[in-house]
Structures are given as C-alpha cells and as structure tokens.
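Input: a single structure, listed below in structure tokens.
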Amino acid sequence: MSTAPTRYGGVDLPAGSWLIVLFGAANRDPGRYPEPGRFDPWRPAVHPLSFGAGPHYCLGVGLARLEAQVAFPLLLRRLPGLALAGPGERRVRLTLRGYATLPVTVGDEAFPVTDRGTPAGATGSTP
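Just so you know, we're using the numbering used here here: the sequence shown kicks off at -6 and counts up by one.
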C-alpha cells in the first residue's frame, strides 16, 4: 500500500493505494534486458528475480540452471525442425502467466521417442 501520493508509470496514485508486484514483469524490463520479450535461455542473467532474492533466494537455482543447460540443447538436437505452428493461447492470471496452448511442429527429422525417453531404435548414446 502506498504511504504517500506518488506517480508511477504515468499513473497518479493517491496515498493508501494498493499495489501489486508482478515479479515476472521485472525480468522483462527493457531498461535492463535487450529484447525482453524474446525467449533467450542463454541471455546473461542480470540479477533476475526468477529465483527470488536475499534470504529467500532459491536453494535449487544451480540445479534448475544445470537442467536447462542440458535439456534445451538436447531438445533442439532431437527436434531440429521444432517451430511454432500458429499463435498460442495466452493464460492470463494475476501473478503467473503463460500459455494454455502453444502449437508446434517438430518436422520430419524428429526422432521417435520411446516411453523411456530414448529414441526408438537407438543403440549406444542418444543423439
């Protein structure tokens, strides 16, 4: 709640106004991130709030980053033709946002995958 009248983002806020912080919006600040709306998993992290901050900083941040460094290249190797097949349907929520649907095509080069996540017919290491 604001304790004094203020102006933020071109909006006048009287004292006593309720404010909501959208942490996801902090990671999309064009003053801090070039092309903030573009998905770029290799973008240098400039103090993102995705994993919290201070004493509430996520203990699993290292594991999450390692998983992403392994998963994204593997996904792109297995599905080199991965592409958007049309516009997605956005899910609009007050705090967490994302897609309800995001249609994609995988192309003809996709490896068929078994229920264990191993390409069908693969021997030895996976691609």
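Ideal placement from N, C-alpha and C gives every residue a C-beta, glycine not left out.
May I have the straight-line CA-CA distance separating residue i from residue j, to the nearest angstrom?
| i | j | result |
| --- | --- | --- |
| Arg86 | Leu15 | 11 Å |
| Pro29 | Ser(-5) | 28 Å |
| Asp33 | Ala46 | 22 Å |
| Arg71 | Pro48 | 39 Å |
| Val63 | Glu82 | 28 Å |
| Thr119 | Ser10 | Per-residue confidence for Thr119 stands at a pLDDT of 46, beneath the threshold of 50, marking its modelled position as unreliable; the derived number appears in the next sentence. Thr119 and Ser10: Cα-Cα distance of roughly 56 Å. |
| Phe65 | Arg58 | 11 Å |
| Leu12 | Leu52 | 28 Å |
| Asp5 | Ala61 | 41 Å |
Using beta-carbon positions only, say whether residue i and residue j come within less than 9 Å of one another.
| i | j | result |
| --- | --- | --- |
| Gly91 | Arg84 | yes |
| Tyr50 | Arg36 | no |
How close, in whole Å, do the beta carbons of residue i and residue j come, if the pair is a contact with beta carbons under 8 Å?
| i | j | result |
| --- | --- | --- |
| Ala76 | Pro96 | Contact doesn't hold; Cβ gap of about 10 Å is too wide. |
Can you tell me which of the options puts its alpha carbon nearest to the alpha carbon of residue i?
| i | options | result |
| --- | --- | --- |
| Pro80 | Thr94, Phe65 and Asp5 | Thr94 |
| Pro7 | Ile13, Tyr1 and Ala(-3) | Ala(-3) |
Any contact between the stretch 10 to 24 and the stretch 42 to 62? By contact I mean 3 or more CB pairs, one from each, below 8 Å. yes
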